[in-house]
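> Sharing a structure here in structure tokens format.
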Amino acid sequence: MKKTILLNPGPVCTSERVKNALLRGDMCHREKEFSVLLSNVRKKILHAFAPNGNYTTTIITGSGTASLEAGVCSSVSEGKKILVINNGVYGDRISRIASAYKINKVELQYDWSKQPDIEQIENTVSKDSDIEVVALVHHETTTGLLNPIYKIGEITKKYGRTFFLDSISGLGGEEIDLINDNVDICIGTANKCIQGLPGLSFVILKQDEVNRLRKIPPRSIYFNLISQLDEQEKKGECPFTPSVHTFFAFDEALDELLEESVHNRIKRYKKASTFLRKEFKILNLKFLLPDEFLSNTITALYLPKNMTYAHLHDCLKESGFIIYAGQERLNEKIFRIANMGEISMSDLEALIRNLEEVVDGE
Ligand SMILES: Cc1ncc(COP(=O)(O)O)c(C=O)c1O
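Numbered according to the UniProt record's numbering, the sequence shown spans residues 1 to 362.
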């Protein structure tokens, strides 16, 4: 089979080792073998992303949005509000989840190619004591923009609010220190920078938050963080049928991550994006974002003049490379290249040769 290099921001290319883990065999999720697996996966998540204690985690069968939805609908008390900092499609998604659950919200919308206004956020939080949770997207996958988590964490700490972070495309790709950044609730997924398979996501929660969340009446049966957590922690089970085989792959992917180390994974991605960006500049491609906002894993580029996304995409697909379109208002304007996953430097060099041919062929 022809090799396909996925340059979309998840699901990403995975190693043979992760794919082979799917063949570990059949397993009943109510047997002690699954409890051991669940406990191992939970421990490895915490070891990778919250090594200094104080946090717990719950895994949900479902894509990243499942854990995002569980986090939002389980964390805002009746009559209180969530402040959504929205500078992209995923900030907008948090806002839409809050609306779907009829949770009171305040939304601050910003340009998709800019970081949010810290002063305005502090002002908003300080003046409204009903704001209980402040939600931010760590890495806006829409554009590849990194948001200033430390500064938001400082505000939530100062005013005693909960800092809710969507780090679905950040964990494993960007530096983050949950304690130092004052993150209370952090959402992640298996199939981006952790290099597992799609179908599992997770929530990392500060222990103090668990006690606060316990007092909030459930708004959902499946997406209730406390019931998910209690079953996993106390019974070693998932309340509903988990994607057992995806757990095998996640377990293996976490082993790979811990063997490589989170620090070295981030370094590898940074090296890849630095190489790509140098080459994109040589090809005269124009960047959507200024350098200082760029993440380690996504580059959003304007489409070359007179070239449609479909043409660029189809030419590269023929050579085995899957690039990614812009979303919504950026759809006709940009394309995205992600360098998450099991991709070698020689794969990236081959991408550049193919990209050059398409761009120069016009
Ligand atoms: C920052 C962010 N949040 C949420 C999501 C949604 O995740 P999923 O598509 O796995 O539901 C994504 C997916 O790309 C994302 O990048």
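Where a beta carbon is used, it is the ideal one built from N, C-alpha and C, also for glycine.
A quick note: this is a predicted structure, and the numbers were derived from the prediction, not measured.
Can you grab the Cα-Cα spacing for the pair Ile337 / Ala272, in whole Å?
11 Å
> Once DSSP output is grouped into helix, strand and coil, what is the label at residue 366?
Because residue 366 is not part of the residues shown, which for the chain are 1 to 362, the question remains open.
> Return the CA-CA distance between Gly10 and Ile226, expressed in angstroms with no decimal places.
28 Å
> Give me whichever residues DSSP pairs with Val133 in a beta bridge.
Answer is Ile82 and Thr162.
> Go ahead and pull the three-state DSSP assignment for Glu209.
helix
> Would you tell me roughly how many angstroms separate the C-alpha atoms of Arg265 and Val358, rounded to the nearest one?
31 Å
> If you reduce the DSSP assignment to three classes, tell me which class Val76 lands in.
coil
> Determine the closest residue to Ile97 out of Ser113, Asp360 and Cys73, with distance taken between C-alpha atoms.
Cys73
> Taking the Cβ atom as the reference point for each residue, do Ala48 and Leu257 lie within a distance shorter than 7 Å?
Yes.
> Exposed or buried, what is Asn52 when buried is set at 16 or more other beta-carbons lying within 10 Å of its beta-carbon?
exposed
> Would you report the Cα separation of Thr65 and Ala135, rounded to the nearest angstrom?
14 Å
> Would DSSP call Thr299 helix, strand or coil?
Of the three classes helix, strand and coil, the one that applies to Thr299 here is strand, per DSSP.
> Is Ile179 near ligand 1, with its Cβ less than 6 Å from a heavy atom?
no
> For a cutoff of 7 Å on Cβ pairs, would you count Thr14 as touching chain B?
Annotation note: the requested chain B is absent from the structure, which comprises a single protein chain.
> So, helix, strand or coil for Tyr101, using DSSP?
Correct three-state label for Tyr101: coil.
> Going by the DSSP bridge assignment, what does Gln109 pair with across the sheet?
Answer by DSSP bridge pairing, in chain order: Asn86.
> What does the Cβ neighbour count give for His263, buried or exposed, with the cut at 16 atoms within 10 Å?
exposed
> Alpha carbon to alpha carbon, how far is His29 from Asp230?
16 Å
> Nearest CA to the CA of Leu330: which residue from Glu252, Thr156, Leu289 and Phe280?
Leu289
> Keeping to the same chain, check which residues put their C-beta closer than 7 Å to that of Phe163; ignore five residues upstream and five downstream.
Val134, Ile152, Gly153, Thr156, Asn182, Val183 and Asp184
> Confirm, please, whether the CB-CB distance from Lys286 to Tyr302 is below 7 Å.
yes
> Bridge partners of Glu140, per DSSP?
Leu145
> How long is the line joining the alpha carbons of Asn306 and Leu146, rounded to whole angstroms?
30 Å
> Pick helix, strand or coil for Gly119, following the three-state DSSP scheme.
Rather than Gly, the amino acid found at residue 119 in this sequence is Glu. Note: Glu119 maps to helix in three-state DSSP.
> Mind checking whether the beta-carbon of Tyr324 lies closer than 6 Å to any heavy atom of ligand 1?
No; taking the cut-off as 6 Å, the Cβ of Tyr324 has no heavy atom of ligand 1 nearer than that.
> Of the residues Glu349, Pro218 and Leu316, which one's Cα is nearest the Cα of Thr274?
Glu349
> Along the alpha helix (DSSP H) that carries Ala48, what are the first and last residues, could you check?
Taken as a continuous stretch (DSSP letters only), the alpha helix (DSSP H) holding Ala48 covers Lys32 to Phe49.
> Please go through the same chain and pick out, in chain order, the residues whose beta-carbon is closer than 6 Å to the beta-carbon of Thr57, but skip the five residues on each side of it.
If we look at Thr57 and ignore the five residues flanking it on each side, its Cβ neighbours are Arg42, Ile45, Leu46, Phe202 and Ile204.
> Can you confirm whether the stretch 108-122 touches the stretch 248-256 when touching is taken to mean that 3 or more C-beta pairs between the two stretches lie within less than 8 Å?
no
> Spatial neighbours of Asn191 within its chain, please: CB distance less than 7 Å, with the 5 preceding and 5 following residues excluded, ordered by chain position.
Gly10, Pro11, Val12, Leu197 and Pro198
> From Ile323 to Gly79, what does the alpha carbon distance come to, in whole angstroms?
44 Å
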